[in-house]
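Colleague: Here the protein sequences line up with chains A and B, keeping their order. Numbering-wise, our numbering puts 47 at position 47 of the first sequence, and it's gapless, one number per residue. Numbering-wise, our numbering puts 199 at position 199 of the second sequence, and it's gapless, one number per residue. We put the beta carbon where it would ideally sit given N, CA and C, even for glycine. In this text, all values refer to a predicted model and were calculated from it rather than measured experimentally. Handing you this structure, nothing more for now.
There are 2 protein chains.
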Amino acid sequence: MSGYKQSQSFPGLRPQPLLRVSKSDRSRAAIVDAALEFVWSHPFRDMTVSSVTAQTGLSRSAFYQYFNDLHDLMETLLNMVEYEVFSGTDPWFTGIGDPVIFLRKSLANMVDICYRLGPILRATNDAAATDERLHKAWLQYTGRFDDAVTSRIEADQEQGLIGDLDARSVAFALNRLNLYAVIEAFGQRPRRQRAPVRDASELIWISSLYGSEWLGKTSSNLVRT
Amino acid sequence: MSGYKQSQSFPGLRPQPLLRVSKSDRSRAAIVDAALEFVWSHPFRDMTVSSVTAQTGLSRSAFYQYFNDLHDLMETLLNMVEYEVFSGTDPWFTGIGDPVIFLRKSLANMVDICYRLGPILRATNDAAATDERLHKAWLQYTGRFDDAVTSRIEADQEQGLIGDLDARSVAFALNRLNLYAVIEAFGQRPRRQRAPVRDASELIWISSLYGSEWLGKTSSNLVRT
DNA sequence: GAATTATACTGACACTATGTCAGAAAGCAA
DNA sequence: TTGCTTTCTGACATAGTGTCAGTATAATTC
């Protein structure tokens, strides 16, 4: 579904298949590393094929052995980010029990992960503005999030925990809040602190979904920095 | 402040100075019109200097008489949008009385205006990803909004209408919600309906600022489509 | 470990879009 | 018409892209 390649096949007896990396694998990884390095300290608009390959010792044209273009490379980074963020937000999506606790946990994880990956998220978003294919991939990424949040809201509505609201529209709006708040807060210098971003997210998600009376109630087991 | 040029000077007796437009003025306006036309039906990434001037009968190089580059042109569009959106959201920023009513009004206006200007907003945002100067202009634009919302929240906190929350962080988060929800919902095809977007914004802003108990109370005087 | 095959890589090329500039054309005043 | 100013254009240099024929390096086989 995500095109994210796990070292899936592992045919038993072959010796150390995970360490047996071809030159091709190493070059490709070097390019990805160089891209990660690059977006950490430069905006995407300054990225060129030369600037990436220069970090690897490869010639510019070697790049095209592994990726169709820069946007293709950025799609790889996007898939990495998506995997991480989805893992981190799992608690609320799948947790059983007091949903406010799980929501807090998911939001806190999301903020932490995006703090770590902020520049990548920002770069992939910027890159999506200049490429049709990557833009579609970005929409799919955000769309999957919208789906997951919508489902969770609808499930809680059936339990009577969330009132009568348009789950899809609210999920869409809340996700845009999170996504672009973290991109702007953590994706460029000077990077903001995590706590205020997280707290604002919590406040807004909880009060608009479960009602403002839930706000202070279940936070005792969470560490505030 | 906004660089938005009004026909400012009007030295009394000179005949019809408003109609006395130089050729230069007309050419410049033609380029702006062509850009507006363009972004309505194409993504910004497909915009080139040729594609814009072709609509005007001018040669490509004439463009540089009026703008430094495409991003300079887009900054003009951004200033137009900013002016409109700021005007529309004025009620909540300056209104005296029940703030929830004014907030509703401002959000509804904002959604209507952004529905009308969605493609322009989207194009300027996309363009900002590829130009340092325009990116800064964009940050200033959003920053002015953050300031205005923060002030209003703090004022209402002094009145005891809004509880103890970090005004700046919450303003930042809520503004990102609005901004990117309308960009995505109205800036590209297929465009979404306005009502669900507006209702979701209302729900989230009101419940997180004033508390969810305000939700249904003051909506009787507002038309729902 | 030499021979053979397959893979990875490179430099040169054609192409697109940009921004500049000297000079041509058009507008305007007297 | 003349002369002056504003507006516009075609030609040029530049930067980055993506391709390809051919070379170098790695992997495999004996």
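#1: Which residues in chain A have a C-beta closer than 9 Å to the C-beta of L165(B)? List them in chain order.
#2: State the start and end residues of the unbroken alpha helix (DSSP H) segment that holds T150(B).
#3: Please classify G187(A): is it buried, with 16 or more other beta-carbons within 10 angstroms of its beta-carbon, or exposed?
#4: Tell me which residues share the same chain as A137(A) and place their Cβ nearer than 7 Å to its Cβ, disregarding the 5 neighbours each side in the sequence.
#5: Determine whether the Cβ of S207(B) lies closer than 9 Å to any Cβ atom of chain A.
#6: Listing by chain order, which chain B residues have their CB less than 9 Å from the CB of S212(A)?
#7: When the Cα of P43(A) is compared with those of T89(B), S22(B), T130(B), E82(B), which residue comes out closest?
#8: Let me confirm a value: W92(B) is counted as buried when at least 16 other C-beta atoms fall within 10 Å, else exposed. Which label applies?
#9: Below 8 Å on the Cβ atoms is my guess for R192(A) versus V111(A); work out the distance and round it to an integer in Å.
#10: Do you know how far the Cα of Q157(B) is from the Cα of S207(A)?
#11: Throw me the rounded Cβ distance for the L58(A) and W205(A) pair, which I believe falls under 8 Å.
#12: Which of helix, strand or coil does DSSP assign to R168(B)?
#13: Where does Y210(A) sit, in a helix, a strand or coil, going by DSSP?
#14: May I have a chain-ordered list of the beta strand (DSSP E) segments no shorter than 3 residues that lie completely inside the region 47 to 90 of chain B?
#15: Name the chain B residues that come within less than 7 Å of R133(A), Cβ to Cβ?
#16: Quick one: what does DSSP say R194(A) is sitting in, helix, strand or coil?
#17: Assign G163(A) to buried or exposed, taking buried as 16 or more other Cβ atoms, counted over all protein chains shown, within 10 Å of its Cβ.
#18: Mind checking which residues open and close the alpha helix (DSSP H) that includes I120(A)?
#19: Could you tell me whether the region 139 to 146 of chain B touches the region 44 to 58 of chain B, using the rule of 3 or more Cβ pairs below 8 Å?
#20: Find the residues of chain A that neighbour S169(B), judging by a C-beta separation of less than 8 Å, and give them in chain order.
#21: Pull out every residue of the region 24 to 36 of chain B whose Cβ sits closer than 7 Å to any Cβ of chain A, in chain order.
#22: Counting along the chain, where does the alpha helix (DSSP H) carrying S27(B) start and finish?
#23: Quick one: Cα of L139(B) to Cα of Q65(A), how far?
#24: Compare the Cα-Cα distances from D114(B) to each of K23(B), L203(B), L209(B), R198(B) and report the closest residue.
#25: Report yes or no: is there a C-beta of chain B within less than 9 Å of the C-beta of T76(A)?
#26: If I measure Cβ to Cβ from K5(B) and keep anything under 7 Å in the same chain, skipping five residues before and after, which residues do I get?
Modeller: By the coordinates alone:
#1: D199, A200, L203
#2: 132 to 158
#3: buried
#4: E75, L78
#5: yes
#6: What S212(A) touches in chain B, judged by beta-carbon distance under 9 Å, is G163, S207, S208, Y210, G211, S212, E213, going in chain order.
#7: T130(B)
#8: buried
#9: In fact, because the Cβ distance is near 11 Å, the residues do not count as touching under 8 Å.
#10: The C-alpha of Q157(B) is placed about 17 Å away from the C-alpha of S207(A).
#11: In fact, because the Cβ distance is near 45 Å, the residues do not count as touching under 8 Å.
#12: Shown here, R168(B) sits in a helix according to DSSP, grouped into three states.
#13: coil
#14: none
#15: Chain B residues near R133(A): none, gap ~11 Å exceeds 7 Å.
#16: Three-state DSSP puts R194(A) in a helix.
#17: exposed
#18: 99 to 128
#19: no
#20: Within chain A, P196, V197, D199, A200 have C-beta atoms less than 8 Å from the C-beta of S169(B), given in sequence order.
#21: none
#22: Under the DSSP assignment, S27(B) falls in the alpha helix (DSSP H) whose first and last residues are 23 to 41.
#23: 38 Å
#24: One detail in the question is off: residue 114(B) reads as Cys in this sequence, not Asp. The residue with the shortest Cα to Cα distance from C114(B) is R198(B).
#25: no
#26: With a pLDDT of 29 at K5(B), under the threshold of 50, the modelled position of that residue is not reliable, and the figure given next carries that caveat. Result list for K5(B): empty, nothing under 7 Å.
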